[in-house]
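The next block holds one structure in the form of structure tokens; read it before the comments.
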Amino acid sequence: MVPHTREASKRTNDSYTMIKTRQPVRHESSSTNGVSQVRISVIALLFGGLCTSTGNRMLLLIIPFVCLDVYGRPTLVGVAGAAAGVGALLAPTWINRLTCYFGRSTGLMIFSLLDLTAALLCLFAAFSAALIPIPLVLSGLFTGSAAVGLDPRRQTCLTLASDLLPQKPVAVVLNADEATSKIAIQFSSLPIGFMIGRYSVGSAAMLAAIVFILGLVGYAVFWMMRPEQRRANFSGSAFTSNDRKDGTNGGFLIFLKGFQLTRPLLLRGIAIRGISSFFWFSFSLGLAVYGSERGEGARLVSTSTFAYGIGTVIGAAVATASAAYARLRARVGLGWLGTSIMFAGMGLYISNEHSVWAFAFFGGLVSPVGIGALNSLIAKYTRDVDRSRVFTQAAWSQSICSTVGSGMGGVLLAVGGARIWLILSGATVFVAVLCLWLVPESLSRRQGAEREAPLKINRVNGWSNHTGPR
Numbered sequence: 001m002v003p004h005t006r007e008a009s010k011r012t013n014d015s016y017t018m019i020k021t022r023q024p025v026r027h028e029s030s031s032t033n034g035v036s037q038v039r040i041s042v043i044a045l046l047f048g049g050l051c052t053s054t055g056n057r058m059l060l061l062i063i064p065f066v067c068l069d070v071y072g073r074p075t076l077v078g079v080a081g082a083a084a085g086v087g088a089l090l091a092p093t094w095i096n097r098l099t100c101y102f103g104r105s106t107g108l109m110i111f112s113l114l115d116l117t118a119a120l121l122c123l124f125a126a127f128s129a130a131l132i133p134i135p136l137v138l139s140g141l142f143t144g145s146a147a148v149g150l151d152p153r154r155q156t157c158l159t160l161a162s163d164l165l166p167q168k169p170v171a172v173v174l175n176a177d178e179a180t181s182k183i184a185i186q187f188s189s190l191p192i193g194f195m196i197g198r199y200s201v202g203s204a205a206m207l208a209a210i211v212f213i214l215g216l217v218g219y220a221v222f223w224m225m226r227p228e229q230r231r232a233n234f235s236g237s238a239f240t241s242n243d244r245k246d247g248t249n250g251g252f253l254i255f256l257k258g259f260q261l262t263r264p265l266l267l268r269g270i271a272i273r274g275i276s277s278f279f280w281f282s283f284s285l286g287l288a289v290y291g292s293e294r295g296e297g298a299r300l301v302s303t304s305t306f307a308y309g310i311g312t313v314i315g316a317a318v319a320t321a322s323a324a325y326a327r328l329r330a331r332v333g334l335g336w337l338g339t340s341i342m343f344a345g346m347g348l349y350i351s352n353e354h355s356v357w358a359f360a361f362f363g364g365l366v367s368p369v370g371i372g373a374l375n376s377l378i379a380k381y382t383r384d385v386d387r388s389r390v391f392t393q394a395a396w397s398q399s400i401c402s403t404v405g406s407g408m409g410g411v412l413l414a415v416g417g418a419r420i421w422l423i424l425s426g427a428t429v430f431v432a433v434l435c436l437w438l439v440p441e442s443l444s445r446r447q448g449a450e451r452e453a454p455l456k457i458n459r460v461n462g463w464s465n466h467t468g469p470r
């Protein structure tokens with residue numbers, strides 16, 4: 001036993017003082033390295049999401065041009081579109097399984113590999129022009145599956161970034177990422193139109209493949225930068241039964257079953273968005289088919305999408321300014337009515353390039369008004385788990401309906417032509433808005449007011465007045 005002397009006590013206190021004074025220095029250095037790693041990983045994550053979202057939109061525009069310019073068969077547009085629709089219907093189930101087994105961050109890389117495979121198959125079809133267009137059909141199948149996961153993938157990127165970022169700059173970074181992704185997606189048709197018009201469809205497919213490779217590199221950097229954070233928060237075991245109940249990872253059947261818990265008012269708004277999304281690629285597909293018959297398909301698509309992108313940027317400011325002067329219900333209805341006018345106007349005046357540009361600009365101007373109002377409506381009348389569930393359902397419905405609609409649009413375009421399909425799209429959206437949104441409000445204001453009442457939670461049994469048991 002060591003005797004307790006004054007010298008031993010002094011040595012012990014000195015060593016404790018040294019350890020105590022050195023700890024903050026080591027902690028500060030570790031904290032600095034950790035902050036830099038978080039910044040790099042978040043930038044890589046958001047960059048990967050930006051590239052994959054932009055490349056997926058590019059590929060959806062390239063496939064119809066491969067069918068028309070390389071193969072010269074309009075019916076092939078319908079076949080590739082139908083394959084994309086089948087991929088869209090099957091996507092939620094396998095997306096759920098991959099995400100649960102491998103985790104969110106691994107699922108992002110799998111999505112990117114699927115996109116890259118679709119781009120390479122499309123590139124092979126563009127340069128080989130095989131007699132049996134199996135690579136092109138497979139490209140449509142993979143693109144449809146990846147397109148359905150597009151909105152949930154963006155939401156996953158934003159969720160992971162918000163988990164890693166500190167509380168103060170998270171809103172600024174996420175808003176900036178959302179703005180840049182919207183602009184990049186809307187203007188993605190410009191380089192595609194330039195490459196197709198100046199060079200060939202194969203060069204445009206090569207550009208999309210390069211964009212997907214950049215996105216895959218971004219996800220890989222995120223995967224490698226913080227492995228301990230990935231294992232702690234983003235592994236497959238992190239998904240609980242509550243996550244599966246809200247429709248995020250429940251597959252297609254649970255996705256449909258989740259609508260039973262949605263309030264009727266929000267359900268009608270989501271239904272209108274889904275019907276509009278079903279015809280969303282009508283103007284791109286219609287203008288591609290119509291323009292290819294006259295040798296100017298790429299120019300029509302690129303100019304109309306450019307006009308729509310400019311209108312979207314201005315429409316975001318209009319939506320923000322109109323929030324203080326118009327009711328939510330009126331803004332939702334006006335936004336989707338404007339979309340129907342864009343479709344019908346393009347069909348009626350498709351031969352005039354300036355009219356197509358004007359209607360595309362108008363559609364981009366009013367679209368953020370409807371989308372922003374619907375998001376505000378969901379945020380106003382839902383809480384906590386209900387809010388996450390409804391936002392997820394809205395994202396799934398938009399992705400599935402738009403991809404399946406592109407497949408059906410390809411079939412009908414091959415049969416009836418671009419003009420008829422665009423007019424039919426506008427008329428259908430117009431009738432849907434009247435029947436699902438405006439007519440019930442005018443017939444039964446009492447029921448509408450009852451449905452708009454805020455959620456009241458019964459604290460005794462956990463039931464709400466609209467959603468049933470939790």
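Residue numbering for the sequence shown follows the UniProt record's numbering, starting at 1 and increasing by one per position. Built from N, CA and C at the ideal position, the CB exists for glycine as well. Note that this is a predicted model, so its numbers are computed, not measured.
- Pairing Ser-112 with Leu-216 gives a Cβ-Cβ distance under 8 Å.
- Gly-274 and Met-346 have their alpha carbons spaced roughly 21 Å apart.
- Contact annotation: Gly-269 and Leu-377 have beta-carbon atoms nearer than 8 Å.
- Between Val-211 and Cys-122, the C-beta gap is not smaller than 8 Å, which leaves the two residues out of contact.
- In the assembly as shown, Cys-435 is an exposed residue. Its beta-carbon has fewer than 16 other beta-carbons within 10 Å.
- Spanning the alpha carbons of Ala-319 and Val-356 requires a straight line of approximately 23 Å.
- In this model, Leu-374 and Gln-398 are separated by some 13 Å (Cα to Cα).
- Bounds of the alpha helix (DSSP H) holding Ser-425 are 418 to 433.
- Take Ile-314, set aside five residues on each side of it, and the residues of its chain with a beta-carbon closer than 7 Å to its own are Leu-365, in chain order.
- Taking C-beta separations shorter than 8 Å and ignoring five residues to either side along the sequence, the partners of Leu-287 in its chain run Gly-297, Leu-300, Val-301, Ser-304, Met-346, Ile-350, Val-356 and Ala-418, following chain order.
- For Thr-54, the CB contacts under 7 Å within the same chain, skipping 5 residues up- and downstream, are Ala-184, Ile-185, Ser-188 and Val-211 in chain order.
- In the DSSP assignment, Leu-436 falls outside any alpha helix (DSSP H) and carries neither an H nor an E.
- Between the C-alpha atoms of Ser-41 and Val-221 there is a straight-line separation of about 7 Å.
- Counting C-beta atoms within 10 angstroms of its own C-beta, Tyr-101 has fewer than 16 neighbours from the protein chains shown and is therefore classed as exposed.
- Of the other Cβ atoms in all chains shown, 16 or more fall within 10 Å of the Cβ of Ser-139; this residue is therefore buried.
- Cβ-Cβ distances below 6 Å link Gly-311 to Phe-361, Gly-364 and Leu-365 in the same chain, with the five nearest sequence neighbours on each side left out; the list follows chain order.
- Across the set Leu-348, Gly-338, His-354 and Ile-400, the C-alpha of Gly-338 shows the shortest separation from the C-alpha of Ile-371.
- The Cβ-Cβ distance between Pro-133 and Leu-61 does not fall below 8 Å.
- With at least 16 other beta carbons inside 10 angstroms of its own, Ala-316 counts as buried.
- The alpha carbon of Leu-59 has as its nearest neighbour, out of Val-70, Phe-142, Phe-127 and Ile-110, the alpha carbon of Phe-142.
- The continuous alpha helix (DSSP H) containing Trp-357 extends over residues 353 to 381.
- Short of 6 Å from the beta carbon of Phe-359, and not among the five residues preceding or following it, lie these beta carbons of its own chain, in chain order: Met-342, Gly-345 and Met-346.
- Here the C-alpha atom of Gly-218 lies approximately 23 Å from the C-alpha atom of Ser-203.
- 8 Å or more divides the Cβ of Val-369 from the Cβ of Leu-422.
- Counting the other CB atoms within 10 Å of its CB gives Arg-198 a total below 16, which places it among the exposed residues.
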